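Comments concern the structure below.
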Amino acid sequence: MQNIQAEELTNKVKQVIDEVEKVIVGKRDVVKMLVIALISGGHVLIEDVPGVGKTTLATALSKATGLNCRRAQFTPDVMSSDITGFTIYNKETGNFEYRPGMVMCNILLADEINRTSPKTQSALLEAMEEQNVTVDSVTYELPKPFMVIATQNELGFVGTYPLPEAQLDRFLMKIRVGYPTTEQEINIIAARQTADPLSEVRAVFDKAEIIACKEAVQYVNIEQSLYRYIVQLVSSTRNHRAVLLGASPRAGILLMRASQACAFLSGRNYVTPEDVLRMTPHVLEHRLQLTQDAKVRKITEITVLREIAKSIVPPYHRE
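Under the working numbering, the first residue of the sequence shown is numbered 588, with each subsequent residue one higher.
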């Protein structure tokens, strides 16, 4: 891809961020992470307390990108077939016909995903990994691009089911929105007095441009030394004394892709160690399971990742 094309696409991505910020005030870094996941072809888990704008953030992204979005409100009575679709017998034709589920879209907003049963949660595994679903032994390809944005209330709230490790591993990153500052909260309330800011979000992208962005991200240069650096960061989580379950090899692949997307968004065609370090907490945190002793001692996943990052010397990058 020519530089001028890459530059135009980068500017478009920044316009998407600006559009989403019309709704999500003072959370530019959070919006950036969501956009990085989109252009790197990954899925996002947004975890936080209720009412901080998790669903609004996902909805604003779908509007700014012009993608087809469906919202699945996950409750205990939602079935797997609601997500993947099902086959039904048509008496007029004498054939079984496929009825698409909610997953047949570009962006699936899985709202409060940890409020539904593990069986329904697992219905998303094939879609998230292979970009298709299999119903009654027939495989159906999902629209491209495809992205799952799942929101989750923090564990400990009534009526929640922890996501299984296999599903957590399929999310590129986990992000938190967090509470706004006092001034930001005042602006949020004022902006909603007479109108909904979501109505002001305009589409600045189309499907072809998003696919072009994903292709451009794949060709962002990454030096051999950074491959080793990524593997060192990932593999060190498996040997840390506070970690019961470390990150998988899939995590290394996704960390590489997220670092490429981070560099692309910065207007560069090469990855630096700083890109890798910036993406490491978002990509690896939700993949770690700490020992009970570490939890008792109030050690967090972020604490572990910071300790690992300090113990590994990043490769020197020549500008």
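Think of the CB as a built atom: it goes at the ideal place given N, C-alpha and C, for glycine as much as any other residue.
A quick note: this is a predicted structure, and the numbers were derived from the prediction, not measured.
Relative to the alpha-carbon of Val600, which residue among Gln879, Phe851, Glu872, Ile895 has its alpha-carbon at the smallest distance? With distances taken between Cα atoms, Val600 lies closest to Phe851.
Report back the beta-carbon spacing between Val804 and Gln847 to the nearest angstrom; my notes put them in contact at under 8 Å. 5 Å
Hey, how far is the Cα of Arg757 from the Cα of Leu832? 15 Å
Same chain, Cβ closer than 8 Å to Glu594, neighbours up to 5 away in sequence not counted: Gly854
Going by CA-CA distance only, name the one from Leu842, Ile694, Pro836 that's closest to Lys731. Ile694
Buried or exposed: which applies to Arg905, given that a residue is buried once 16 or more other Cβ atoms fall within 10 Å of its Cβ? Summary for Arg905: the model assigns pLDDT 49, below 50, so the residue's position carries little reliability; its value from the coordinates is reported in the next sentence. Burial call: exposed.
Could you tell me how far apart the beta carbons of Thr781 and Ala645 are, in whole angstroms, since I believe they sit closer than 8 Å? Contact doesn't hold; Cβ gap of about 24 Å is too wide.
Going by beta-carbon coordinates alone, are Cys692 and Asn655 separated by less than 7 Å? yes
Name, in chain order, the residues that DSSP records as bridge partners for Gly672. Pro687
Just to confirm the assignment: which complete alpha helix (DSSP H) runs, minimum length 4, are found wholly within the segment 682-769? 705-709, 712-717, 752-755
Closest Cα partner of Tyr748 within the set Val807, Glu810, Pro663: Pro663
Apply the 10 Å Cβ neighbour rule to Pro751 and answer buried if 16 or more other Cβ atoms are within range, or exposed otherwise. Pro751 comes out exposed.
Can you name, in chain order, every residue of its own chain whose Cβ lies under 6 Å from the Cβ of Val607, other than the five neighbours on each side? Taken in chain order, the residues that qualify are Val618, Ala647, Leu648, Ala651.
Going by beta-carbon coordinates alone, are Gly629 and Leu813 separated by less than 7 Å? no
Closest Cα partner of Thr726 within the set Asn808, Arg686, Thr890, Ile762: Arg686
The beta strand (DSSP E) spanning Arg657 covers which residue range? 656-660
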